[in-house]
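*Asks:*
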Ligand SMILES: NC(=O)c1ccc[n+]([C@@H]2O[C@H](COP(=O)([O-])OP(=O)(O)OC[C@H]3O[C@@H](n4cnc5c(N)ncnc54)[C@H](O)[C@@H]3O)[C@@H](O)[C@H]2O)c1
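Okay, here's the thing in structure tokens:
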């Protein structure tokens, strides 16, 4: 990892290439275009609105993060992407129905100029959707090469100095890691042989890394969480990060869970249910895709509560997550959490959370931050899994043998300390003993 003096500068255009021109990606793009025109603020984004404390509390140094670390400017971002539908991003945003039509109309020129490239798609991995804008290569390796050609062409045509790829496409069916994923050699052989354990998202990831481009996985798919891809990222000195953007109900879980645990309140059960009606919901209506999402959502509480260390409080906790496709809701997801907790002498209490959230509104700033931080990581020579970006994921990817940290407050400390370290500032542990000295 480099520090301050050796981080390459952020000059020139940053190309952001996105498989999946759907609700999340079009909300991100529209937000960036709107913010550039002063039509809205990038609320929820740490890179645009966050501050970071430096030094001792008495020093009162709290710069904006974007002034502290050398990030690409939102003005220098150029968007592109792939989708199985031919809709340009303006039409796709209209279809997604997240943003107000008048707002979209005021950025129509920028949005309609972005036309999705032909996708690498296979209906065996994503059920319930069908589109014509797909590549038709003979082998999965040929598809990877076609994506590499797209990436190179986009970079040249848009005069980008750097690129980042972020997967915002549909959730794929659940795939178990196996031998084909165990090394670069096996993975490449499987690409040549069209092996079924290589999902389209893995082909995009491979193409990005072979092109020297960082890759972010916003869905719960296995994608880059396999030794072959981790090895490739390290070998080519490229950062990767995943998986599954932390928004909505899981965001609430990682806020509430650590709070209850910190006060040593016990939990008998946590029942979470959702209704949503967007295309993501339609895809998740398929049992295979739901299983992928369910695994991602369920892992969160165990890791926060550590039932093995606190058996009296969490050993018998019943945790259930349901997702129900309900078209009238559109992108306005509604979630209910019923949390049965117990306190002093085992006396029972309940917490009910009813979150009427807009999924893509919560996801857009996450994607923006990830893209800008991953570009920073690349310029700072940080390769492989970027665990300091766990803050943004439901299932943070970690090095082999390490447990992910799900507690959002610990994740934030790790992210901020990474930035401090990069810039040669003292790390802050918040552990200073202020009755001896000022922290
Ligand atoms: N919205 C959130 O808050 C949130 C949170 C966490 C994760 N996610 C994940 O982000 C992804 C995007 O969510 P969304 O709401 O934008 O979904 P969406 O259905 O609106 O958009 C996904 C798009 O991906 C396209 N697609 C599917 N397979 C493709 C492929 N192989 N190549 C290119 N395009 C492909 C679809 O045609 C669709 O247009 C989903 O996987 C979702 O689970 C979303």
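Residue numbers (the working numbering): 1411 to 1849.
The C-beta atom is built at its ideal place from N, Cα and C for all residues, glycine as well.
Fair warning: this is a prediction, and the values are worked out from it, not measured in the lab.
(1) Find the nearest neighbour of residue 1636 within the set 1594, 1551, 1604 and 1816, judged by alpha-carbon distance.
(2) For residue 1650, report the span of its beta strand (DSSP E) as first-last.
(3) Identify the residues that DSSP records as bridge partners of residue 1450: which are they?
(4) So, using beta-carbon positions, are residue 1698 and residue 1614 closer together than 7 Å?
(5) Taking DSSP as the reference, what is the three-state secondary structure of residue 1517?
(6) Do you know how far the Cα of residue 1676 is from the Cα of residue 1647?
(7) Sorted by chain position, which residues of the same chain lie with C-beta nearer than 7 Å to residue 1419's C-beta, five sequence neighbours on each side aside?
(8) Using the Cα positions of residue 1813 and residue 1719, report the straight-line distance between them to the nearest angstrom.
(9) Taking the C-alpha atoms as reference points, what is the distance between residue 1849 and residue 1467?
(10) With which residues is residue 1491 paired in a DSSP beta bridge?
(11) Tell me, please, which residues DSSP counts as bridged to residue 1529.
(12) Residue range of the alpha helix (DSSP H) that residue 1614 falls in?
(13) Between residue 1449 and the rest of its own chain, which residues show a CB-CB distance below 7 Å, the 5 nearest in sequence each way excluded?
(14) Tell me which residues share the same chain as residue 1565 and place their Cβ nearer than 7 Å to its Cβ, disregarding the 5 neighbours each side in the sequence.
(15) Considering only their Cβ atoms, is the gap separating residue 1590 from residue 1571 smaller than 7 Å?
(16) Tell me the rounded alpha-carbon separation between residue 1602 and residue 1807.
(17) Given the structure, does residue 1492 come close to ligand 1, in the sense that its CB is under 6 Å from one of the ligand's heavy atoms?
(18) Between residue 1696 and ligand 3, is there a pair consisting of the residue's CB and a ligand heavy atom that are separated by less than 6 Å?
(19) By the DSSP assignment, the beta strand (DSSP E) with residue 1728 in it spans what residues?
(20) Could you check whether the stretch 1503-1513 touches the stretch 1537-1553, counting it as contact only if at least three pairs of C-beta atoms, one from each stretch, sit closer than 8 Å?
(21) Can you tell me which of 1518, 1704 and 1563 puts its alpha carbon nearest to the alpha carbon of residue 1631?
(22) Tell me whether residue 1721 is buried or exposed, calling it buried when 16 or more other Cβ atoms sit within 10 Å of its Cβ.
(23) I need the DSSP call for residue 1504, collapsed to helix, strand or coil.
(24) Could you check if residue 1581 is buried or exposed, using at least 16 other CB atoms within 10 Å of its CB as the buried criterion?
(25) Please identify the residue among 1456, 1490, 1478 and 1562 whose C-alpha is closest to the C-alpha of residue 1834.
*Replies:* Reading from the atomic positions:
(1) Ranking 1594, 1551, 1604 and 1816 by Cα distance to residue 1636 puts 1594 first.
(2) Taken as a continuous stretch (DSSP letters only), the beta strand (DSSP E) holding residue 1650 covers 1649-1652.
(3) Bridge partners of residue 1450: none, in fact.
(4) Result no, Cβ atoms of residue 1698 and residue 1614 do not sit closer than 7 Å.
(5) In this structure, residue 1517 counts as coil in the three-state DSSP scheme.
(6) Put simply, the backbone Cα of residue 1647 is about 44 Å away from that of residue 1676.
(7) So the qualifying residues of the chain are 1480.
(8) Rounded to whole angstroms, the gap between the alpha carbons of residue 1813 and residue 1719 is 14 Å.
(9) Annotation note: pLDDT 44 at residue 1849 (below 50); position unreliable, no value reported.
(10) DSSP output for residue 1491 lists 1428 as bridge partner(s).
(11) In DSSP, residue 1529 forms a bridge with 1544.
(12) Counting along the chain, the alpha helix (DSSP H) containing residue 1614 begins and ends at 1610-1620.
(13) The answer, listed in chain order, is 1513 and 1516.
(14) Result list for residue 1565: 1425 and 1573, in chain order.
(15) Contact: no.
(16) Residue 1602 and residue 1807 have their alpha carbons spaced roughly 27 Å apart.
(17) Within the cutoff, so yes.
(18) Annotation note on ligand 3: not contained in the displayed structure, which lists ligand 1 as its ligands.
(19) For residue 1728, the uninterrupted beta strand (DSSP E) run begins and ends at 1728-1735, by DSSP.
(20) With a cut-off of 8 Å, the stretch 1537-1553 and the stretch 1503-1513 do not count as touching, because too few Cβ pairs lie within range.
(21) The shortest Cα separation from residue 1631 among 1518, 1704 and 1563 belongs to 1704.
(22) Under the 10 Å beta carbon count, residue 1721 is surrounded by fewer than 16 other beta carbons and is classified as exposed.
(23) In this structure, DSSP gives residue 1504 a helical state, which the three-state scheme calls helix.
(24) It is buried - the Cβ of residue 1581 has at least 16 other Cβ atoms within 10 Å.
(25) For residue 1834, the closest of 1456, 1490, 1478 and 1562 by C-alpha to C-alpha distance is 1478.
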